[in-house]
Structures are given as structure tokens and as C-alpha cells.
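A.B. asks: Can you keep this structure in mind? I'll have questions shortly.
Number of protein chains: 2
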Amino acid sequence: MSSGGAPGGAVIRVVVDAMGGDYAPQETVKGAIQALRPARAPDRAPLLQLTLVGDTDLLEPELAKYDLSGLPLTVVPSVGKIGDDEHPVQALRRKPLASIVVATKLLKSARADALVSMGSTGASMTTAAMILGLMEGLERPCIGGPFLGLAPRIVLVDMGSNLDCRPPLLLSFAALGAVFAHKFLGIENPRIGLLSIGTEAAKGNRQVQASYRLFQQSHLNFVGNLEGMDFFTDRADVIVCDGFVGNILLKFTEGLGTAFLRYLGKNLSPLLSPEDLGRLSADLLQMTNLPRRTGGPLLGVKGAVIVGHGSSRSDGVAGAIGTAVRFVGLGLVDSMREELSQIYRGDLARPSHSPI
Amino acid sequence: MSSGGAPGGAVIRVVVDAMGGDYAPQETVKGAIQALRPARAPDRAPLLQLTLVGDTDLLEPELAKYDLSGLPLTVVPSVGKIGDDEHPVQALRRKPLASIVVATKLLKSARADALVSMGSTGASMTTAAMILGLMEGLERPCIGGPFLGLAPRIVLVDMGSNLDCRPPLLLSFAALGAVFAHKFLGIENPRIGLLSIGTEAAKGNRQVQASYRLFQQSHLNFVGNLEGMDFFTDRADVIVCDGFVGNILLKFTEGLGTAFLRYLGKNLSPLLSPEDLGRLSADLLQMTNLPRRTGGPLLGVKGAVIVGHGSSRSDGVAGAIGTAVRFVGLGLVDSMREELSQIYRGDLARPSHSPI
């Protein structure tokens, strides 16, 4: 498995779970081809090679729609897929040839540098944890990254539905989020905050109160408790909560964005041209769901895995592939392993230490 | 204490904590006078009498700005106020003459039918619980009601920052929310849902999983687990979560609304007239914070208490007074006591029973 990132100018090989997502394989195939034909600055983009994993009888008719000559695209066959409605661990055993399993094994065996899937997040997380393994000391992986176009430099961890997280797990998520904010977003010494219901140390449920003490002892640049509005106040760069709250926020925002669009459509259609309204609507969708465009990285597994929104269209697939390329190029997996090892060495109490 | 509501056509007496809120007493006084001079259908409105509680040296100059002749408005003096930054229980002991304490005692002694405060929510809740008392069997009060102008018929409980709620407490909140949805919003047999991260019974943290079983055994019209987007999908009328999640959602939505406004202001100012943009902005603010306009009722205390947003201006104060009048007129306190007693009698398992 290649976790250290490609050296400058090297080829980056991304494997795509072509069966994952509500519109697979049509949109996964289309998105893959889009990613291979970047609209701008193709000479500056790293060389990308793609492998599509899926049922060949379903993939071939889709691929036949395009002129593939010269494109660095190969297909690896798999059988079936794991759905959102299946128990990931059981499904993994029952379907050893499912697309996400075959794709993850390609990453594990170093035949790819990164994996992208729009399929069941639970299946992607479980498969990655079981096949690639977790970084040393970590109990569970998380999903972290910007989630709001309106606050594109705020990293939220966990969006990966980890429930009932104990404080040390939240601290690990914070460390992973800090590396992401530093390396991927270029934020020096990222400020870490705990999502709560007030900014004072005593404000919060038992989980937050216990985490507060632990975060204070760590070498992270912990700025204290935050409130819901602090996604928009520039008090922190990384906002940490457990996956119960993170998932509720993510889906709430998505629903709210759609409701806003309906509201604006009704109220602005007499005032704006259809073109202006259409542009505004498209923008607003991204404002309320950034991962739909970029995918969200799975943090804490020994490999570069980007999970996308299940309802992604080709743009979202291409965007997630782009995220995977950057993730590999920046060597994020190695940085995160180092950062976590520092947490687990118990080397927590150096207040002046940079978080990265 | 008058908890049964005023009979048709009777006078409803509301006491206002005139010192509570960021813009008190200017805006509380202005809002009170606004409420006494309804712009529309004054003949059909119930007869309203107001008592303002506050430091007289601060109130008098404000009152002197208005022609009060003929207005049913009296002033009761108090000394000081309890701030957001104070520990409510300690502050209550230290400041026995604070405005919220004096106002709550007026309600307790039946010299008012309802109380409205824009001051510290913690202080209002604690004072109400200690002076008015909680409904039988209840551990803590909650705040419930619609919170989104984009989903004005969805009741959220708890918005009152009750943390680490055990399942029976969440069930009580659900019962109180159901009465509110039925009586205040006119929804027959309100559908109750638990906010979680998936709709299946097994999806959710430990709190939600244990609550699910209890809710199923109750006589409430429980429709199962919900996700964040279900504030906008008409799957339930009452959405139940603990106050940690509720408060985060409330403040997140407020911050998001403000960020949206900034975004729209920037993007629409070349396309819309300043008047149209101003109207849209004002509408949008209400879309993302309904309690700012209407106040939120404190549920589970033996009296009608409406708490408003700390940053309310006069419109919000008048709106909260209007909510108080309706709350009293509908006899909500008595209905809620009956509903709770049914929960606590252990009379939980009649599936065909109406929740109200």
C-alpha cells in the first residue's frame, strides 16, 4: 500500500468503486472520464491513472458511450455491491467480491494510491478498517473535512456517524482534523474547538466536559468550547463533535438548503431571470453540501480513502477523485500517522508545541 | 396561580420581565406598548393587561417616551437582573429582588396569567422550576415549539439545553411537545419522531436506542427515528432530541441564516432593488429563527412562561406576549399536566389511543 504520497510529477493511481452511489455506474463512469480530462491547466495536473471496479456487464455499456482512446483507464471486475441497508460487517463476509471489497484490496496491495467510493459510507469505513487497518492506537476511523460552502475553511470531525465517542477518541479525531486543516487547507497551527452549548469550560454534556480536560492537556491548539453559530465566527478551524451530532448537522443542513432553494425559487422567480435563478440555486446547493462536490476523506485508516455523497452526479465523482489526488500528493496518511503516534506516546502536555 | 386559561373574552394578564434581554429596557418597554396596540383586529383580540417588572429608575425614562393614557399597563419595581453569565441557582439566592424573580412570583401568586422574559434562559427556567414548581413526575422543564420559519409546523423539543437526558425525560418532553402541537398548532394526533442518524430502529446512539423502546411502549403516536433532513420532509410533527443537540441546531441555524444573508446580499445586490433585497433579508431572518419573533414556551412548569431570544427587539417582545396570550387562552398548562399524568400513571401501552 502506498500511503506516503506520490513524489512530485509522479503518476497518482486512483481506484474508483464504480458500483457505489445512487446513480452508479452511469455517473461514476462519466465522472471518472471527466476527471481524466480536466478542463483547465492539464499540464500542471499530476498524471492520473484510474481503475474502475465493477460488474463488467454493467460497466461495459457505459464505457462504450465514450471515446476512451489514450485515456489511462482500466477496469477490474467485481461481483455485486454492498448497499446502505446492509450490515457492513455481515455484508463484507457474504460478498467477498463486492466492488468496495475488490477496490479496497487493490489499494491494500499497492496497485492503487487512493480509493474513491460514493457507495454506503458504513461499508467503505468497515472495509477500509478491516482490509487496510487502522492507524496505531485508533479505535475507529472518522470522516472529516469542510462541509459547508458557506464556511469552506472550517473542518468538521466526525461526519462519519461514530456514536457515543469517548474523549480519547474525540481527541484522536481532533488530531486527524488538525493535520487535514494544516496540510490540505494550509492553515498554520489550526485552532481546535469542541462543539457544545456555551463557550465556558463547564458548559456541555458529560462527554464534552470530560473531553475538555483531555484536550487541554494535549499539545493541540485547543481554543475551548464552541457553539452552533461558531461555524461562521472564525473562532476555530477544526470543530470536533461525535458522529451523532455531526451527521445530524450534515443532513439538517442539506435539508435546510433544499428548503431555502424552494423558498427562494418562489420568492425570487418574479424578480430574477431564470438563468440568474438557476445559477444562484446551483451555488446554494454547494453552499450547503460541500462533500457532494468534493467527497469527504476517511481519516485514520492506513490508506487514502475518499467517500462521496450517495447522490453524487459525475461532477461529484470527479471532485472526489480530485480530492484523492491532492490527499495522496500531500502525503496526508503519513502525516496523520505521525500526529497520532504523538498523541498516543502520551506526549500530550507541551503547550507551545505546534499541532502538526 | 392561574393555569387553566382565561375563559372566552376574559382579560389575560401578562407580566413582562422588562430588564431581560440585550436591549432591555428600551425594547421590552417598546414591545409591551406595541402588544397593547395591536395593528389589526383589536376587537377580536382578548383583552390584554400588562405588568412590567424592572428597576423603576430605568423604566420610567423609557415609559416617558410614550403616551400611556388609557393603556392597561402597570409597573412593579424590582432590583437588578440575572445575567447569562451567572449560575442561575446561586444568582437566585443572591438576588431575591431581581426582575425575573419578582415577575415569577407575580405569576405564582395569581396576579398574572403568564410571564414573558427575554433574559437569561437558564435563569428563567430555574426560577420557574423553583417558584412555580414542575408538573408532577417531571425532573426538568424544557423549551419546545417551532424553531424554523421554513418549517413552521414542526415542533422541536428540547431547545432548553437539558443535557444528558435519560429516556423517560425525553418521553416527557415528547408528551409536552405533542400537546403543544395539538392545541397550539391544531395538529390532530401529532406524529412524534426521535432525532437520530438513520430511520431504522437500531440506528442511533445509546440514548436514542433506549428511548426508542420506551417511546414504542407509550401511547404517543411514535413514528420512529428521524434524520436531520426530516425537519423538511413531513414525516413527523414533533421532533425530540436532548437539549445538547437542540441548542446546537438552534444556534447553528441562526449562524447559517446570517451567513446566507451575507452571501445573498453579495450575490443579489447587482440583481435586486435595495427594497426587494431588504424585504428578502428580513424574511430570511425569520425563516432561520422563529423564536426570535414568537418566543418559545417553557414546558413542564406549573404556569405559562414564554422565553424570548436575548437579542429580541420590540417586535420579538410583542410576539412573545402574543404567544403568551394564546398559550393561556388555550389552557395549555392544564392539558400538559393531564398528558404527563397519563405518562406517569404507567398508562403507556394503549396503541390506538390519541396522544392528547
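Just so you know, the protein sequences line up as chains A and B, in that order. At position 263 of the first sequence the residue is numbered 263 (my numbering), and the sequence of numbers has no breaks. Heads up, my numbering is the position in the second sequence plus 1000, with the first residue counted as 1. The beta-carbon is built from N, C-alpha and C at its ideal position, and this holds for glycine as well. Being a predicted model, the structure only gives us computed values, none of them experimental.
(1) Less than 7 Å between C-beta atoms, sequence neighbours within five positions excluded: which residues of the same chain meet that for N1221 of chain B?
(2) Does the beta-carbon distance from P141 of chain A to A151 of chain A come in below 9 Å?
(3) What residue does the alpha helix (DSSP H) around I1033 of chain B start on, and which one ends it?
(4) Looking at the C-beta of T360 of chain A, does it have a partner C-beta in chain B at a distance below 9 Å?
(5) Pull up the CB-CB distance for T1126 of chain B and V1089 of chain B, whole angstroms please, since I reckon it's below 8 Å.
(6) In chain order, which continuous runs of the alpha helix (DSSP H) of length 4 or greater are located wholly inside the stretch 1184-1243 of chain B?
(7) Between A1010 of chain B and S1335 of chain B, what straight-line distance do the alpha-carbon atoms span, to the nearest angstrom?
(8) For D84 of chain A, count neighbouring C-beta atoms within 10 Å of its own C-beta (all shown protein chains included) and say buried if the count is 16 or more, exposed if not.
(9) Can the beta-carbon of I12 of chain A be found less than 9 Å from the beta-carbon of L71 of chain A?
(10) Mind checking if R313 of chain A is an interface residue toward chain B, Cβ cutoff 9 Å exclusive?
(11) In chain B, which residues lie less than 8 Å from G228 of chain A when you measure between Cβ atoms?
(12) From B:L1092, B:G1054, B:R1037 and B:A1318, pick the residue whose C-alpha is nearest to that of M1067 of chain B; which is it?
(13) Are S1078 of chain B and S1099 of chain B closer than 9 Å when you measure CB to CB?
(14) Check whether chain B comes within 9 Å of M135 of chain A, counting only Cβ atoms and requiring the distance to be less than that.
(15) Give a yes or no on whether the minimum CB-CB distance between R1213 of chain B and chain A is below 9 Å.
(16) Figure out for me which residue from A:F244, A:D315 and A:Q216 has the closest Cα to the Cα of V29 of chain A.
(17) Output yes if chain B places a C-beta closer than 9 Å to the C-beta of V89 of chain A; else output no.
(18) Please classify I278 of chain A as buried or exposed, where buried requires at least 16 neighbouring CB atoms within 10 angstroms.
(19) Between which two residues does the alpha helix (DSSP H) harbouring V79 of chain A extend?
(20) Rounded to whole angstroms, what's the CA-CA distance from I1321 of chain B to A1304 of chain B? Just pull it up for me.
(21) Within 9 Å (strictly less), CB to CB, does R1140 of chain B reach chain A?
(22) Would you kindly work out how many angstroms separate the C-alpha atoms of L169 of chain A and L1115 of chain B, rounded to a whole number?
(23) Let me check one thing: in DSSP terms, what residues is T1074 of chain B bridge-paired to?
(24) In chain B, what lies closer than 8 Å to R206 of chain A by C-beta?
(25) So for D1113 of chain B, helix, strand or coil by DSSP?
(26) Which residues, in chain order, does the stretch 15-28 of chain A contribute to contact with chain B at a C-beta distance below 8 Å?
(27) For A282 of chain A, which of helix, strand or coil comes out of DSSP?
(28) Quick check on A35 of chain A: buried or exposed, where buried means 16 or more other Cβ atoms within 10 Å of its Cβ?
(29) Rounded to a whole number of angstroms, what is the C-alpha to C-alpha distance between G1054 of chain B and F1147 of chain B?
(30) Determine, for D276 of chain A, whether the minimum Cβ-Cβ distance to residues of chain B falls below 9 Å.
(31) Which chain A residues are close to F1232 of chain B, counting only those with a beta carbon under 8 Å from its beta carbon?
(32) Short of 7 Å in beta carbon distance, which residues of its chain neighbour K105 of chain A, apart from the five on each side in sequence? Order them along the chain.
(33) Helix, strand or coil, according to DSSP, for R337 of chain A in the structure here?
(34) So the candidates are B:E1275, B:P1274, B:F1260 and B:G1020; which of them puts its Cα closest to the Cα of A950 of chain B?
(35) What alpha helix (DSSP H) runs, 4 residues minimum, are completely inside the stretch 1116-1144 of chain B?
(36) Could you tell me which chain B residues have their CB closer than 9 Å to the CB of F147 of chain A, listed as they occur along the chain?
C.D. replies: Concretely, from the data shown:
(1) Sequence index remark: in the second sequence, residue 1221 of chain B carries index 221 (1-based). Within the same chain, N1221 of chain B has close Cβ partners N1189, P1190, R1191, I1192 and P1355.
(2) On the first sequence, residue 141 of chain A is found 141 positions in, with the first residue counted as 1. On the first sequence, residue 151 of chain A is found 151 positions in, with the first residue counted as 1. Not a contact, by the Cβ cut-off of 9 Å.
(3) As a position in the second sequence, residue 1033 of chain B is number 33, starting the count at 1. Q1026 to L1036 is the span of the alpha helix (DSSP H), which, as asked, contains I1033 of chain B.
(4) Any property of residue 360 of chain A remains undetermined from this structure, which presents chain A solely from 1 to 356.
(5) Translated into the one-based positions of the second sequence, residue 1126 of chain B becomes position 126. Translated into the one-based positions of the second sequence, residue 1089 of chain B becomes position 89. That pair is a contact at about 6 Å.
(6) 1206-1217
(7) Position 10 of the second sequence, counted from the start, is the residue given in the question as residue 1010 of chain B. Position 335 of the second sequence, counted from the start, is the residue given in the question as residue 1335 of chain B. A1010 of chain B and S1335 of chain B: Cα-Cα distance of roughly 19 Å.
(8) The count along the first sequence starts at 1 and reaches residue 84 of chain A at position 84. The residue in question, D84 of chain A, is exposed, as its Cβ has fewer than 16 Cβ neighbours within 10 Å.
(9) The count along the first sequence starts at 1 and reaches residue 12 of chain A at position 12. The count along the first sequence starts at 1 and reaches residue 71 of chain A at position 71. No, they are not a contact pair.
(10) Here the question's residue 313 of chain A lines up with position 313 in the first sequence. Not closer than 9 Å to any Cβ of chain B, the Cβ of R313 of chain A fails to qualify, so no.
(11) Taking the first sequence and counting its residues from 1, one reaches residue 228 of chain A at position 228. Per Cβ cutoff of 8 Å: N1247, I1248, L1249, L1250, K1251, F1252, T1253, E1254 and G1255.
(12) Your numbering for residue 1067 of chain B matches position 67 in the second sequence. This sequence places Asp at residue 1067 of chain B; Met is not what is there. Among B:L1092, B:G1054, B:R1037 and B:A1318, the Cα nearest to that of D1067 of chain B belongs to B:R1037.
(13) Working through the second sequence from its first residue, we reach residue 1078 of chain B at position 78. Working through the second sequence from its first residue, we reach residue 1099 of chain B at position 99. Yes, these two residues count as a Cβ contact at 9 Å.
(14) Taking the first sequence and counting its residues from 1, the one referred to as residue 135 of chain A is at position 135. No, because no Cβ of chain B sits closer than 9 Å to the Cβ of M135 of chain A.
(15) Stepping through the second sequence from its first residue, residue 1213 of chain B is reached at position 213. Closer than 9 Å: no.
(16) Start at 1 with the first residue of the first sequence, and residue 29 of chain A comes out as number 29. With distances taken between Cα atoms, V29 of chain A lies closest to A:D315.
(17) Translated into positions along the first sequence, residue 89 of chain A becomes position 89. Closer than 9 Å: no.
(18) Counting from one through the first sequence, the residue named residue 278 of chain A turns up at place 278. One point to set straight first is that residue 278 of chain A is Gly, not Ile, in the sequence displayed. Burial call: exposed.
(19) For the purposes of this step, residue 79 of chain A is identified with residue 79 of the first sequence, where counting begins at 1. Per DSSP, V79 of chain A belongs to no alpha helix (DSSP H) and is neither H nor E.
(20) For this step, residue 1321 of chain B is matched to residue 321 along the second sequence. For this step, residue 1304 of chain B is matched to residue 304 along the second sequence. Between I1321 of chain B and A1304 of chain B, the C-alpha separation is close to 11 Å.
(21) Taking the first residue of the second sequence as 1, we reach residue 1140 of chain B at position 140. No, no contact with chain A.
(22) By one-based count along the first sequence, residue 169 of chain A stands at place 169. By one-based count along the second sequence, residue 1115 of chain B stands at place 115. Between L169 of chain A and L1115 of chain B, the C-alpha separation is close to 44 Å.
(23) The residue you call residue 1074 of chain B lines up with position 74 of the second sequence. Partner(s): B:T1051.
(24) Your numbering for residue 206 of chain A matches position 206 in the first sequence. What R206 of chain A touches in chain B: L1163 and D1164.
(25) Locating residue 1113 of chain B in the second sequence gives position 113, where the first residue counts as 1. Reduced to three states, the DSSP call for D1113 of chain B is coil.
(26) none
(27) Residue numbering aside, residue 282 of chain A sits at position 282 when the first sequence is read from its first letter. Helix.
(28) As a first step, residue 35 of chain A must be located in the first sequence, where it is residue number 35. The residue in question, A35 of chain A, is buried, as its Cβ has 16 or more Cβ neighbours within 10 Å.
(29) Within the second sequence, residue 1054 of chain B is the residue found at index 54, counting from 1. Within the second sequence, residue 1147 of chain B is the residue found at index 147, counting from 1. Cα to Cα, G1054 of chain B sits roughly 29 Å from F1147 of chain B.
(30) Reading the first sequence from its first residue, position 276 is the one you call residue 276 of chain A. With 9 Å as the cut-off, D276 of chain A counts as an interface residue toward chain B.
(31) Taking the second sequence and counting its residues from 1, the one referred to as residue 1232 of chain B is at position 232. Residues of chain A passing the Cβ test: G255, L256, T258 and A259.
(32) Here residue 105 of chain A is taken as the residue at index 105 of the first sequence, counted from 1. Result list for K105 of chain A: I131, in chain order.
(33) By 1-based counting over the first sequence, the position of residue 337 of chain A is 337. The answer is helix: DSSP assigns R337 of chain A an H, G or I state.
(34) The structure shown does not extend to residue 950 of chain B, since chain B is modelled only from 1001 through 1356, so no value can be given for it.
(35) 1121-1127
(36) Position 147 of the first sequence, counting from 1, holds the residue named residue 147 of chain A. Within chain B, no residue comes near F147 of chain A; the closest Cβ sits about 11 Å away, beyond 9 Å.
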